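Numbering (the UniProt record's numbering), first residue to last: 1 to 178. We treat Cβ as the ideally placed atom computed from N, Cα and C, and that holds for glycine. All of these numbers come straight from a predicted model, not from anything done at the bench. Heads up, the thing below is written out as structure tokens.
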Amino acid sequence: VMIMGRHGSKHDINPSDVNYRANLWTLRQLGATHVLVTTACGSLKLELSPGDFAVVDQYIDRTCLRKRTFYKVSHIPQVRPFEPKVQQILEDSCAELGLKCHPKVTTVTIEGPRFSTLAESRLYKSWGADIVNMTTVPEAQLAAELGLIYGALALVTDYDCWHESDDESVSVDLVMNR
Numbered sequence: 001v002m003i004m005g006r007h008g009s010k011h012d013i014n015p016s017d018v019n020y021r022a023n024l025w026t027l028r029q030l031g032a033t034h035v036l037v038t039t040a041c042g043s044l045k046l047e048l049s050p051g052d053f054a055v056v057d058q059y060i061d062r063t064c065l066r067k068r069t070f071y072k073v074s075h076i077p078q079v080r081p082f083e084p085k086v087q088q089i090l091e092d093s094c095a096e097l098g099l100k101c102h103p104k105v106t107t108v109t110i111e112g113p114r115f116s117t118l119a120e121s122r123l124y125k126s127w128g129a130d131i132v133n134m135t136t137v138p139e140a141q142l143a144a145e146l147g148l149i150y151g152a153l154a155l156v157t158d159y160d161c162w163h164e165s166d167d168e169s170v171s172v173d174l175v176m177n178r
């Protein structure tokens with residue numbers, strides 16, 4: 001088992017500046033066959049409450065500054081970017097621990113480091129997305145290029161900004177304290 005903090009030991013690396021390629025390449029070189037990641041996320045649905053967990057099944061890529069491949073041309077299939085067996089293990093593990101977990105969620109990965117505007121949050125909801133985060137892409141597709149089995153467990157920290165009854169706007173302090 002290897003553990004790697006994407007954002008550095010002091011959480012001081014911007015999501016767009018994380019060297020996803022180097023991280024995954026290093027894990028593979030060290031013999032990893034599976035990559036299980038955690039990600040903080042904002043909920044786009046009332047039933048996904050802060051403190052809940054969610055097993056990511058699909059992503060919508062809204063990033064634009066990140067290196068997305070190890071190769072010049074790569075047509076890697078991403079119909080199922082997350083391994084179903086790993087998803088089931090994550091769901092079962094949450095159940096065993098008594099944690100509220102939502103299966104098969106779709107995330108929108110945004111560039112960051114800023115949080116969504118109200119208009120963006122409403123747009124992502126209209127697309128049918130369940131959560132919004134900043135790290136799933138390009139990690140999932142890079143893992144696939146390297147033949148690494150990939151799974152993602154999201155921790156819901158807030159309701160993004162669409163939740164109009166929420167007096168507390170999403171902030172770094174809010175996310176880090178949950």
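For residue i, the nearest candidate out of the options (CA to CA)
i, options, result
"Cys64", "His34, Ser93, Glu111 and Thr107", "Glu111"
"Thr107", "Arg66, Glu47 and Gly128", "Gly128"
"Ala152", "Lys45, Ser9, Asp17 and Arg80", "Arg80"
"Ser49", "Ile131, Val37 and Lys125", "Ile131"
"Thr136", "Asp12, Arg21, Ser9 and Val1", "Arg21"
"Asp17", "Arg66, Ala54 and Val37", "Arg66"
"Met134", "Ser74, Tyr71, Asp61 and Lys72", "Asp61"
Buried versus exposed call for residue i [16 or more other C-beta atoms within 10 Å across all chains shown]
i, result
"Asn14", "exposed"
"Lys85", "exposed"
"Ile3", "exposed"
"Thr157", "buried"
"Glu47", "exposed"
"Val1", "exposed"
"Leu24", "buried"
"Thr117", "exposed"
Length of the line joining the Cα atoms of residue i and residue j
i, j, result
"Leu30", "Ile89", "23 Å"
"Leu27", "Asn19", "13 Å"
"Asp57", "Pro113", "23 Å"
"Val35", "Gly147", "10 Å"
"Leu43", "Glu145", "First, the residue type needs correcting, since residue 43 is Ser and not Leu in the sequence shown. Ser43 and Glu145: Cα-Cα distance of roughly 29 Å."
"Thr39", "Ile76", "23 Å"
"Tyr159", "Lys45", "8 Å"
"Cys41", "Phe115", "10 Å"
"Lys100", "Gly51", "8 Å"
"Val73", "Pro138", "15 Å"
"His163", "Tyr124", "13 Å"
"His7", "Phe82", "22 Å"
"Lys10", "Val105", "29 Å"
"Gly5", "Ser126", "32 Å"
"Asp12", "Thr109", "19 Å"
Beta-carbon spacing of residue i, residue j below 8 Å
i, j, result
"Gln87", "Pro103", "yes"
"Cys161", "Ser121", "yes"
"Phe53", "Ala154", "yes"
"residue 226", "Thr33", "Absent from the model: residue 226. The displayed extent of the chain is 1 to 178, so no value can be given."
"Tyr59", "Ala143", "no"
"Glu91", "Val55", "yes"
Check: residue i C-beta below 7 Å from any heavy atom of the ligand FMN
i, result
"Asp61", "Annotation note on the ligand FMN: not contained in the displayed structure, which lists no ligands."
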